[in-house]
Amino acid sequence: MRGALNCIATAKWLARPNLSARQRAPSRFLFLVATFLAVWLAGSALSAAATFDPRLQSRDPKTGAVVLNPATLDPKKTAIVVIDMWDRHWCKTYTARVGNLVPRMNETVAAARQLGIQIVWAPSDVLDFYKDSPQRKAMQAIPAHAPPPQLAFNPPQAPQGDYCECGPDQPCKTHGKAWSRQHPDLVIAEGDLLGDCNNGRELLNLCAARGLDTLLYMGVASNMCVCYRGFGMINLRKHGLRTIFVADLVEAIMANGFNPATKTLDPNFTPAKGTAIVQRFLEQHVAPSIESRQLLATAGLAKHGGDKRPHLVFVIADEEYKTEQTLPAFARDHLEKDFRCTFLLAKAGHGEGRDEVPGLEALYDADVLVLSMRRRFLSVPQMDHLERFIRAGKPLVAVRVSVVPFAEGAGVTRSGAGRVVWQRFDQEVLGCDYKSYDRKSRATGCDVWALPDAREHALIRGLGNARFHSPSWLYRMRPLASTVTPLLLARSSADTEPEPVAWVNTHEGGRVFYTTLGHWEDFKLEPFRRLLRNAVCWATGREIE
7 MRGALNCIAT AKWLARPNLS ARQRAPSRFL FLVATFLAVW LAGSALSAAA TFDPRLQSRD
67 PKTGAVVLNP ATLDPKKTAI VVIDMWDRHW CKTYTARVGN LVPRMNETVA AARQLGIQIV
127 WAPSDVLDFY KDSPQRKAMQ AIPAHAPPPQ LAFNPPQAPQ GDYCECGPDQ PCKTHGKAWS
187 RQHPDLVIAE GDLLGDCNNG RELLNLCAAR GLDTLLYMGV ASNMCVCYRG FGMINLRKHG
247 LRTIFVADLV EAIMANGFNP ATKTLDPNFT PAKGTAIVQR FLEQHVAPSI ESRQLLATAG
307 LAKHGGDKRP HLVFVIADEE YKTEQTLPAF ARDHLEKDFR CTFLLAKAGH GEGRDEVPGL
367 EALYDADVLV LSMRRRFLSV PQMDHLERFI RAGKPLVAVR VSVVPFAEGA GVTRSGAGRV
427 VWQRFDQEVL GCDYKSYDRK SRATGCDVWA LPDAREHALI RGLGNARFHS PSWLYRMRPL
487 ASTVTPLLLA RSSADTEPEP VAWVNTHEGG RVFYTTLGHW EDFKLEPFRR LLRNAVCWAT
547 GREIE
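Residue 7 is where the sequence shown starts when you use the numbering used here, and the numbers rise one by one after that.
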C-alpha cells in the first residue's frame, strides 16, 4: 500500500500545472504509468489482505489434547477487542506485566489495521477519561440493533486467583482501584473505537452494523475480564460470534509463590504458570487461540520478514562454563548458515545485574530457545517471556547448568519482590531429578557413549558408534521420566554406575533436548559439536545431515 501511495504522489507531481508544454509531453506518459502502478499496487495490497488464514489452537474438551486447525477470516468481518489494559493495577508487579504487553500489542494492532481489521478498545471503569474522544463518540453513535438470540453456552468457571504477584515475602499491602485510564503507551488511532467493556450491547450493535462475525481478543485478565465482562468472550460467543484470543497478548492474574487452588505456599507457582493454566482452560472450554506473529506475518510486518531461516534465541546466564563465549562461537561456525541466531546475555555474572537478561521479547518470534542458565531469578516481566515460550511447548535445547536455571540452591536464593523461582523445572520440563554432581568426576571427567537402543535415533546420526572422553563432571539425574528417551550415557570410572548425559523429552507436546555436557573444552570435541547441531536441527524439525 505504501508503494501505491508513492505512485499516486508521483502522478500528482507530474500533473502540476506549472510544467512547460515540453516538460508536460513526456510527463503525460509517466503520469499514466504512475497511475497504472498506483491502481495495480493498491489492488495487490487489498488482495493480500482479502483473507487472514491463521492456524487455530484448541484442546479436546475431554482429554485436553492440543488440536490444530486452519481457519479463514475475512478482515472486513473481524474486529480486535482489547480488554482492560489499564495504566495501573493495585499489584505493582501486575502493572509491570501489563506494561510488558504494550509494545508487542501496538505492533500487532498496527498490523491488524493494515489488514483492514477494526480495533475496539474496551476499558472498564475509566471511560470518563475518554468521554470526549472521537473514538468514544463514534462507538456511541452506532445505531441500536436488536441483539441476536442467546445460545446455550455455559463453560465451567475459569481458574481463579487475583493474588499479589510480587511474591509471598513482599506482597502489596493495599487492594483497590488504582486505574484511571488505559496504559498511556497504547497507540489509539483515528479509526479505532472505544467501547464500554461492561455494556455488551455496544459491541453487539457494532457487529450488527458492520456485519462482523469474528472477534479477536487481547488484554487482561484472561481469567476475569476477558472472559466475563459484557464485551468478554463468553457473552459474545453466547450471541453467536466466533471468538478467538491472541495467546501471547492476554494474561491471567493468579499468584507468585502461592497456589490459589490449594491456598498454600508453592515456589513452583509462577505468574506465567497461572497464565498457562488459564490458556489451557480457555482453549479447552471457551475459544481457540492464535499468536501475534500470525497477524504480523500476514500484514508483511514479521520481524526479519525476508529471512526464512528458523530463528534461534540463545539465553545465556552462566558464570561457570563460559558459554557466553562458546555458544556464539559455535553458532557462528556451525549454525548461522541455516539458522538466524539472537544472543541474549545476563547483565552480569555476579552481584547487581546477574538476574537481568535484556531483550527477551525476541522470544515472541523465536522458533527454538537455546538455554544456558544457572540459578537466576528474573523479574516477573522478563520471566514471562521465557516461561510463556517454554510452557507453550515450544522447542527447547538446554545445556548443562540449565538443569537448574531458575532454582534456589547451592547458597543462591531469590532476593527482592517481583522475582520468580521455578524450583521443579528439571522434573517438569527436562524429565529428570537433579540431585547434585559426582565430586570424583570433577577430577577425571567422563567417558561417553551412545545407548545401543538409541543409535538409530535421528539425533545420534553421525556419532552412533562414537565413544569420546569429556571433561564435564557428571550430574546425578536419575530417575528419568517415562517420557524421556535417553541417548548418551557416561561414567567417570569402570566401578561407577553410568549416568545419562543426553536425552530428549516432550513437554506440553513440544520437543526438548538436554545434555549435561557443555564444559568449555567440550566445544573442541567433534562428537559434542555434532550432537549440539543435531539437537538444534531436530528441535526445528529440520532434516539432520
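Glycine included, C-beta positions come from ideal geometry on N, C-alpha and C.
At the 9 Å Cβ level, is residue i part of the contact set with chain D, yes or no?
i	result
residue 141	No chain D appears in the structure shown, which is made up of a single protein chain.
Could you check what DSSP says for residue i in three-state terms: helix, strand or coil?
i	result
residue 544	helix
residue 250	strand
residue 234	helix
residue 106	helix
residue 31	Reliability fails at residue 31, whose pLDDT of 44 lies under 50, so the model's placement of it is uncertain and the value that follows must be treated cautiously. Of the three classes helix, strand and coil, the one that applies to residue 31 here is helix, per DSSP.
residue 260	coil
residue 100	helix
residue 278	helix
residue 60	coil
residue 508	strand
residue 558	The structure shown has nothing for residue 558, since the chain only spans 7 to 551.
residue 210	helix
residue 561	Residue 561 is absent from the model: the chain starts at 7 and stops at 551.
residue 469	coil
residue 492	strand
residue 537	helix
residue 53	Legend: pLDDT at residue 53 = 36, less than 50; position of this residue unreliable, no value from coordinates given.
residue 255	strand
residue 436	helix
residue 486	coil
residue 351	strand
residue 241	helix
residue 183	coil
Does the beta-carbon of residue i have 16 or more other beta-carbons within 10 angstroms, so that it is buried, or is it exposed?
i	result
residue 413	buried
residue 371	buried
residue 448	exposed
residue 193	exposed
residue 503	exposed
residue 442	exposed
residue 211	buried
residue 404	buried
residue 263	buried
residue 294	buried
residue 445	exposed
residue 32	Since pLDDT at residue 32 reaches only 43, below the 50 mark, its modelled position is unreliable, and no value is offered.
residue 329	buried
residue 78	exposed
residue 310	exposed
residue 49	Confidence in residue 49 is poor, its pLDDT being 36 and thus under 50, which makes the residue's placement unreliable; the coordinate value appears in the next sentence. Exposed, because fewer than 16 other Cβ atoms sit within 10 Å of the Cβ of residue 49.
residue 279	buried
residue 270	exposed
residue 137	exposed
residue 236	buried
residue 74	exposed
residue 177	buried
residue 475	exposed
Who are the near neighbours of residue i in its chain, counting only those whose CB is closer than 6 Å to its CB and skipping five residues on each side?
i	result
residue 389	426
residue 539	340
residue 550	464, 467, 540, 543
residue 181	96
residue 101	94, 95
residue 400	516
residue 277	171, 262, 386
Under 8 Å Cβ to Cβ from residue i, same chain only, skipping five residues before and after it: list those, please.
i	result
residue 110	254, 255, 298, 367, 370
residue 380	323, 324, 325, 326, 407, 408, 410, 411
Leaving out the 5 sequence neighbours to the left and right, which residues in its chain are closer than 7 Å to residue i when beta-carbon positions are compared?
i	result
residue 217	83
residue 535	336, 340, 529
residue 213	247
residue 227	257, 258, 259
residue 440	409, 410, 432, 481, 483
Per DSSP, residue i forms a beta bridge with which residues?
i	result
residue 453	475, 497
residue 188	92
residue 75	62
residue 519	403, 510
residue 481	443
residue 200	127
residue 270	265
residue 221	85, 249
Less than 8 Å between the CB of residue i and some heavy atom of the ligand GTP, yes or no?
i	result
residue 294	Among the components of this structure there are no ligands whatsoever, and the ligand GTP is therefore not found.
(request) Taking only runs that begin and end inside the stretch 113 to 163, name each unbroken beta strand (DSSP E) of 3 or more residues, in chain order. (result) 124 to 128
(request) With a floor of 3 residues, list each beta strand (DSSP E) that falls wholly inside the stretch 359 to 425, ordered by position along the chain. (result) 374 to 379, 402 to 405
(request) Please specify which runs of the alpha helix (DSSP H), each continuous and at least 4 residues long, are wholly inside the stretch 281 to 349, giving them in chain order. (result) 298 to 304, 329 to 340
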